[in-house]
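Engineer: I am attaching a structure below and will ask some questions about it afterwards.
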Ligand SMILES: [Fe+2]
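What follows is the structure in structure tokens.
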């Protein structure tokens, strides 16, 4: 066949992961939540992520009152193990740790007791909602976060099914002082079509302040690095740079 005579369609561009200066939401710390179970897995995940250009990570294990009561001590201990393993494996990556705080009663207790919370940097605090029910007290929580000096970031607002018929909720969150972090995988439909639509709405209406992998395991890794999905990330996010903070 005269292949060279066939008009080639221009290849759709793949998303360039280096446009995400750092991953601000991932579950790579070994053994302390539903993310990586052990340090060997964490190392394999980090090797693969580095290979596609993600080399700076702020690890954000869950803090959930009735499931994962992680503390700065449990998180920093796991971080130290992973840092050492990266060093031993000659992985040239930048690792730090914060947490992903579920906005539950336990969180309000921590806030009221002025317990030290782990921020991404400065006063940026990663928070999430339960997937099960719409929060009744988001205004109150936002107020408490605000008077305690935190700049809250809402993790994956597009994944909360109860907002899929009410996109005004995203605008309302911003009014309440939340910055919004969209999951890359939401954009490609990994969590379903309605979540993908919501993610695109948030990005296209300039409501997305951050993006993240929210990577827990190898299935997430495979989906993130799937060329079909990388084309969709590029179509939706373009060449915009995210997660730089001030550097
Ligand atoms: Fe997460």
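In the numbering used here, the protein residues as written are 234 to 480.
Glycine included, every Cβ here is placed at the ideal spot set by N, Cα and C.
Within a Cβ cutoff of 6 Å, which residues of the same chain sit near residue 403, ignoring the five residues on either side of it in sequence?
Structural biologist: Counting only Cβ-Cβ distances below 6 Å, and skipping sequence neighbours, we find 390, 435 and 440.
Engineer: Based on the DSSP secondary-structure assignment, which residues constitute the bridge partners of residue 333?
Structural biologist: For residue 333, which the question treats as bridged, DSSP gives the partners 295 and 359.
Engineer: Please classify residue 474: is it buried, with 16 or more other beta-carbons within 10 angstroms of its beta-carbon, or exposed?
Structural biologist: Result: exposed.
Engineer: Three Cβ pairs or more, each shorter than 8 Å: is that satisfied between the segment 377-387 and the segment 349-357?
Structural biologist: Counting Cβ pairs under 8 Å, three or more are found: they touch.
Engineer: Taking residue 294 as the reference, give the member of 395, 316, 333 and 280 with the closest Cα.
Structural biologist: Considering only alpha carbons, the answer is 333.
Engineer: With a cut-off of 8 Å on the beta carbons, I'd call residue 366 and residue 387 a contact; round off their distance for me.
Structural biologist: That pair is no contact at about 16 Å.
Engineer: Mind checking who residue 475 pairs with in its DSSP beta bridge?
Structural biologist: In the DSSP output, where bridge partners are listed per residue, residue 475 has 253.
Engineer: Taking a contact to mean a Cβ-Cβ separation below 7 Å, would you say residue 254 touches residue 416 in this structure?
Structural biologist: Not in contact: residue 254 and residue 416 (Cβ atoms no closer than 7 Å).
Engineer: Secondary structure at residue 387, three-state DSSP: helix, strand or coil?
Structural biologist: The answer is strand: DSSP assigns residue 387 an E or B state.
Engineer: For residue 392, does the count of other Cβ atoms within 10 angstroms reach 16, so buried, or fall short, so exposed?
Structural biologist: Flag for residue 392 reads buried.
Engineer: Are there 16 or more other CB atoms within 10 angstroms of the CB of residue 451, so buried, or fewer, so exposed?
Structural biologist: Classification for residue 451: exposed.
Engineer: For the beta strand (DSSP E) containing residue 345, name the first residue and the last one.
Structural biologist: Element bounds for residue 345: not the beta strand (DSSP E) but the alpha helix (DSSP H), 338-345.
Engineer: Go to residue 431, then tell me how far its beta strand (DSSP E) extends in each direction, as first and last residue.
Structural biologist: Note, residue 431: premise wrong, no beta strand (DSSP E); alpha helix (DSSP H) at 426-437.
Engineer: Cβ of residue 337 versus every heavy atom of ligand 1: is any distance shorter than 6 Å?
Structural biologist: False, no ligand heavy atom lies under 6 Å from that Cβ.
Engineer: Return the CA-CA distance between residue 283 and residue 400, expressed in angstroms with no decimal places.
Structural biologist: Their Cα atoms are separated by approximately 35 Å.
Engineer: Out of 368, 377, 267 and 309, point me to the one whose CA is closest to residue 394's CA.
Structural biologist: The residue with the shortest Cα to Cα distance from residue 394 is 368.
Engineer: Output yes or no for whether 7 Å exceeds the beta carbon distance between residue 262 and residue 315.
Structural biologist: Their beta carbons are under 7 Å apart, which means residue 262 touches residue 315 by this criterion.
Engineer: Where do the ends of the beta strand (DSSP E) carrying residue 323 lie?
Structural biologist: Run containing residue 323: none; DSSP gives neither H nor E here.
Engineer: Would you call residue 364 buried or exposed, if buried means 16 or more other Cβ atoms sit within 10 Å of its Cβ?
Structural biologist: So residue 364 ends up on the exposed side.
Engineer: Measure the beta-carbon distance from residue 449 to residue 298 and round it to whole angstroms, keeping in mind my assumption that it falls under 8 Å.
Structural biologist: So it is not a contact: roughly 20 Å between Cβ atoms.
Engineer: Taking its Cβ as the centre, do 16 or more other Cβ atoms sit within 10 Å of residue 260, making it buried, or is it exposed?
Structural biologist: Residue 260 is buried by the Cβ-count criterion.
Engineer: So, helix, strand or coil for residue 459, using DSSP?
Structural biologist: Coil, per DSSP.
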